[in-house]
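Only one structure is covered here, and it is reproduced in the block below.
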Amino acid sequence: MESKFKEAVSGKSERCNDTDCEKVADLLNAVVDGEVTAEEQEFFNAHIEDCISCFESHDKQKLLKGLVSGHLKRIIVPESLALSIKAKIQETV
Amino acid sequence: MSKEEKDARFEAELLPVLDPLYNFAYRLTLDEDDANDLVQETYLKAYRFFDYFEQGTNAKAWLFRILKNSFINEFRKKSKQPAKVDYSEVEGYYNTDDVEGESGVATTSDMRTQSVQDLIGDEVAGALNALPVDFRTVIILCDLEGFTYEEMAKILDIPIGTVRSRLHRARNSLKEKLEKYAKSMGYNS
């Protein structure tokens, strides 16, 4: 009972230890960027299933990446740019 | 390769990268004229060294690398100081406290739903622009342009380990700047 309470407060289960949390924190960026090996991904997934605080960190990191990739407006290229590039090239050749 | 062949290949393989390249230039210089000049300079160099470009390889990464080098070597010195975005000015504006206070009159729920996407975009741009250029660069390359760590290492001429650590620090910095805003939007950060 007591351990369940601790678990709820800290967000960590008995299977979860700080070394694993550190490893997961180190992998966080590589995971959201799809730059991990299959084994690393497996370890990561298994850990966040049990550890609420690491699960939340993962969520936050995905959100941060999504803010940039999904909300940053693209700047419209001036219509004349492609033409002036081609013209400049012909001038200098 | 004849001049006609070269021109045709140049147009077919390199010009389609114009849009991401211009966006990258703009995010580096924060100025439309400077971005224009930087992109033109990049394409001129690319044309001059086109014989060294291996057909079928990553044209986008190649052009980004040339642009980044131009920016560092020449452009940075002669360009105008990038427009300073005073993040603290916009920071407090969308704060929940302000919205619920007297100034909340202007922020009706209709306006909120209409422009919430724009507001988020503006806020992200403001926070990103306030980062040092090296941090800004890795976030743009990774999150906006979707380059892999390996491609980023080649574009930036740094080891992959440095890409990882720079990205880590850059995201922490960006997170810090956006945290207040995220809270006011109801994200529990």
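Chains as they are written, first to last, in numbering that gives the first Met the number 0: chain A, 0 to 92; chain G, 0 to 188.
We treat Cβ as the ideally placed atom computed from N, Cα and C, and that holds for glycine.
C-alpha gap between residue i and residue j, whole angstroms
i: K59 (chain A); j: R170 (chain G); result: 11 Å
i: L173 (chain G); j: E53 (chain G); result: 36 Å
i: I139 (chain G); j: H46 (chain A); result: 29 Å
i: N94 (chain G); j: A126 (chain G); result: Note that N94 (chain G) scores a pLDDT of 39, beneath 50, so its modelled location is shaky; the value from the coordinates is reported in the next line. About 15 Å.
i: A37 (chain A); j: I75 (chain A); result: 39 Å
i: A26 (chain A); j: V35 (chain A); result: The residue asked about is misnamed: residue 26 (chain A) is Leu in this sequence, not Ala. Spanning the two alpha carbons is a distance of roughly 8 Å.
i: D121 (chain G); j: E41 (chain A); result: 37 Å
i: I51 (chain A); j: T41 (chain G); result: 47 Å
i: S56 (chain A); j: D49 (chain A); result: 13 Å
i: V67 (chain A); j: S1 (chain G); result: 43 Å
i: D32 (chain G); j: F63 (chain G); result: 18 Å
i: R73 (chain A); j: S83 (chain A); result: 21 Å
i: I157 (chain G); j: Y148 (chain G); result: 10 Å
i: E243 (chain G); j: N128 (chain G); result: Residue 243 (chain G) falls outside the range modelled here, since chain G spans only 0 to 188, and no answer is possible.
i: L14 (chain G); j: A81 (chain A); result: 8 Å
i: Q89 (chain A); j: G145 (chain G); result: 33 Å
i: S183 (chain G); j: A124 (chain G); result: 17 Å
i: Q116 (chain G); j: D18 (chain G); result: 22 Å
i: L66 (chain G); j: D142 (chain G); result: 18 Å
Where residue i sits in the DSSP three-state scheme
i: N22 (chain G); result: helix
i: L130 (chain G); result: coil
i: F48 (chain G); result: coil
i: R135 (chain G); result: helix
i: I65 (chain G); result: helix
i: T28 (chain G); result: helix
i: L80 (chain A); result: helix
i: K72 (chain A); result: coil
i: Q39 (chain G); result: helix
i: Q89 (chain A); result: helix
Any chain A beta carbon closer than 8 Å to residue i
i: D142 (chain G); result: yes
i: G55 (chain G); result: no
i: V16 (chain G); result: no
i: T95 (chain G); result: Reliability fails at T95 (chain G), whose pLDDT of 38 lies under 50, so the model's placement of it is uncertain and the value that follows must be treated cautiously. It does not: the Cβ of T95 (chain G) has no partner Cβ on chain A nearer than 8 Å.
i: A124 (chain G); result: yes
i: V132 (chain G); result: no
i: L173 (chain G); result: yes
Residue i at chain G interface by Cβ criterion, 8 Å
i: I51 (chain A); result: no
i: S56 (chain A); result: no
i: A81 (chain A); result: yes
i: E34 (chain A); result: yes
i: I74 (chain A); result: yes
(request) May I have a chain-ordered list of the alpha helix (DSSP H) segments no shorter than 4 residues that lie completely inside the segment 138–181 of chain G? (result) 148–155
(request) Determine, using beta-carbon pairs with one atom in the segment 123–140 of chain G and one in the segment 154–166 of chain G, whether at least three such pairs fall under 8 Å. (result) yes
(message) Taking contact to mean 3 or more Cβ pairs, one atom from each stretch, closer than 8 Å, check whether the segment 27–39 of chain G and the segment 63–70 of chain G are in contact.
(response) yes
(message) Going residue by residue through the segment 32–60 of chain A, where are the continuous beta strand (DSSP E) segments of at least 3 residues, counting only ones entirely within it?
(response) none
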